[in-house]
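So for the sequence shown, our numbering puts the first residue at 95; every next one is plus one. Every residue, glycine too, gets a C-beta built ideally from N, C-alpha and C. Inspection log for the structure reproduced underneath, given as C-alpha cells.
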Amino acid sequence: MLVSGGVALAAAAAGAFYLLSPSVSESTDDAYVAADASEVAPRVRGLVAEVLVRDNQPVRAGEPLVRIDAQEYDARSDSARSDLAEAEADVASASAALASLAAEERLAGANVRAAGTEIRAANAEAERADADHRRYEALADRGFATRRDLESRRAAAIGAEQAAARSRAMLAVSERQADVTGARRATLEAALARAEAHVQRSRAAIALAGQDRRDSLVRAPFDGVVGNRQVQRGDYVQPGSRLLTLVPLRNLYVTAFFKETQIRRMHGGQRVSIRVEALDGPPLAGVVDSLAPGSGSTFALLPFEPGTGSFTRIVQRVPVRIRFDPGQAGLERLRPGLSVTATVRTAD
C-alpha cells in the first residue's frame, strides 16, 4: 500500500513538473516553404516578337526571356541621330559666325582707334591753320602781307576745319559700327547656346533610344526557374505588365506561423527541425532567421481589430522566417508552397 502510494505521488509530481516547467520546443504545422519570387515585367512597351523560355525552365541571371519588337526604338534612334547631326551643324555655323564677328570686332576697334588718331591730327592741323590765318590777318592789317596770302591762309584754315569735321564724322560711324557688332554678339551667342542645348537633347534622346532598344530584350534578374508564364508571342505589352514569374529555388526558406503564446522565448539563431510533408526520410535542419514585426493579421488587407466587451479572445499568430542549412539532401526537391511542420528548440 505504501509502495503504490509512493508511485502515485511520484507520478503526480512528475506530471506537475511537466505542466509547470517551460517547454523545450515549440511546434506548428501552419507553415510552408516560401521563396522571394519575382514577377518579371518589361520596361518598354511593344509587340512580343519571341518568347525564349518555357514553363519550368531553369535560367541563369542575364539570360534572355522575352524579345519585344524594337523597330520603334530603332526608328527613334535614327531620328535622334539625324537631330544630332543637324544640331552639330548649327553649332558649327554659330561658332563660325562668332569667329567672323570677332574679326569684325577687331576691325571695328582698329577703325575707331584710327579715326581717333586721324581726328587728333586733323584737329592739330585745323588749329595750326587757324593760327596762321589769324597771324596773316594781323600782318595784312599792318600792310606786311598781301591780300592773296591772307585768302590762301583763310582757305587753308577752312579746309583744315572741314577735314577735322570729316574725321569726327568717321569716328562716329566707326563707333556705331562697333556698337552694332557688339549687339550681334549677344544674338550669335544665344544662337550658339540654343544649338549646344539641341546637341545635348539629341544625345540624350540617342542614349534613351539605345536604352529602350536594350530593354526590349527582357532578361532574367537572377538564377531561377520560370513559372506561371503568361506572355505569348504576338501580345502587346506595357511597362510593368506581368510576363512570367521567376522563382529562385536555391534561396528557399520556411514561413511558420506560431501562436503568440509560443514565441515568448523564441529568437533568431535557434535550431529548427523541419519535416516536409512531400519528402520521406529524416526532417531537414534549419535555424530561426527572424520574427516578423507584427502578427499575420497586422499586414492583412483588412487588419484585425480586437473587439471590446467580448469574452472570446482570438489567438494571434506571428510569422517566423526559418532558413535551411545548406548542403542537405532533399533541398533540391523543395518547391514553394509545400506544407511543413516546424519545431523550434527554444531551450538554451
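Closest to residue i by C-alpha separation, out of the options, would be which residue?
i	options	result
leucine 286	Gly424, Glu182, Gly304	Glu182
valine 319	Pro333, Pro136, Ala155, Val118	Ala155
arginine 278	Leu337, Ala196, Arg297	Ala196
glutamate 371	Ala225, Ala303, Val293, Ser433	Ser433
alanine 191	Pro152, Thr122, Ser121, Ala280	Ala280
valine 412	Pro387, Thr435, Arg295, Phe418	Pro387
serine 389	His292, Asp224, Gln410, Gln256	Gln410
aspartate 168	Asp374, Leu302, Phe316	Leu302
alanine 164	Asp123, Val331, Arg222	Val331
arginine 295	Pro376, Ser173, Ala215, Ala263	Ser173
serine 246	Ala259, Ala263, Arg228	Arg228
Go through its chain and collect everything with a Cβ distance to residue i's Cβ below 7 Å, but skip five positions before and after it.
i	result
glutamate 166	Gly140
arginine 175	Ile300
alanine 289	Ala181, Asp184, Val185, Ala188
alanine 423	none
valine 293	Leu178, Ala181, Glu182, Val185
alanine 218	none
If contacts are defined as beta-carbon pairs under 8 Å, then residue i and residue j qualify, I think. What distance do you get, rounded to the angstrom?
i	j	result
valine 348	glycine 363	Not quite, the Cβ-Cβ distance comes to about 15 Å (not below 8 Å), so this is no contact.
methionine 360	phenylalanine 352	7 Å
glutamate 120	threonine 440	6 Å
serine 310	arginine 161	7 Å
isoleucine 368	alanine 436	5 Å
valine 414	leucine 385	5 Å
Return yes when the Cβ of residue j is within less than 8 Å of the Cβ of residue i, no when it is not.
i	j	result
proline 420	valine 312	no
isoleucine 416	valine 366	yes
leucine 178	leucine 159	no
glycine 431	tyrosine 126	yes
leucine 323	aspartate 149	According to the sequence provided, residue 323 is arginine. The question's leucine does not apply to it. Yes, these two residues count as a Cβ contact at 8 Å.
leucine 337	valine 134	yes
alanine 188	leucine 282	yes
valine 341	alanine 131	yes
arginine 308	valine 142	no
glycine 304	serine 171	yes
valine 153	alanine 314	yes
Pull up the DSSP beta-bridge partners for residue i, would you.
i	result
serine 161	A small fix is needed here, since residue 161 is arginine in this sequence, not serine. Bridge partners of arginine 161: Glu144, Leu311.
glutamate 166	For glutamate 166, which the question treats as bridged, DSSP gives no partner whatsoever.
proline 413	Phe351
serine 119	Arg439
phenylalanine 316	According to DSSP, phenylalanine 316 bridges with nothing at all.
glutamate 133	Thr339
serine 433	Tyr126
proline 152	Val319
Here's a check: name, in chain order, each residue in its chain whose Cβ is nearer than 8 Å to the Cβ of residue i, leaving out the five neighbours to either side.
i	result
serine 98	In this prediction, serine 98 has a pLDDT of 49, which is less than 50 and means its spatial position is unreliable; what the coordinates show is noted afterwards. There are no such residues.
serine 115	Low confidence applies to serine 115: its pLDDT is 46, below 50, so where it sits in the model is not reliable, and the reading given next is rough at best. Counting only Cβ-Cβ distances below 8 Å, and skipping sequence neighbours, we find nothing.
leucine 425	Leu346, Leu378, Phe418
valine 118	Arg439, Thr440, Ala441
serine 194	none
alanine 129	Val341, Pro342, Leu343, Asn345, Leu346, Tyr347, Pro430
Which residues in the same chain as residue i place their Cβ atom closer than 6 Å to its Cβ, once the five residues preceding and following it in sequence are excluded?
i	result
glycine 321	Thr339, Val341
aspartate 317	Arg154, Ala155
aspartate 123	Thr435
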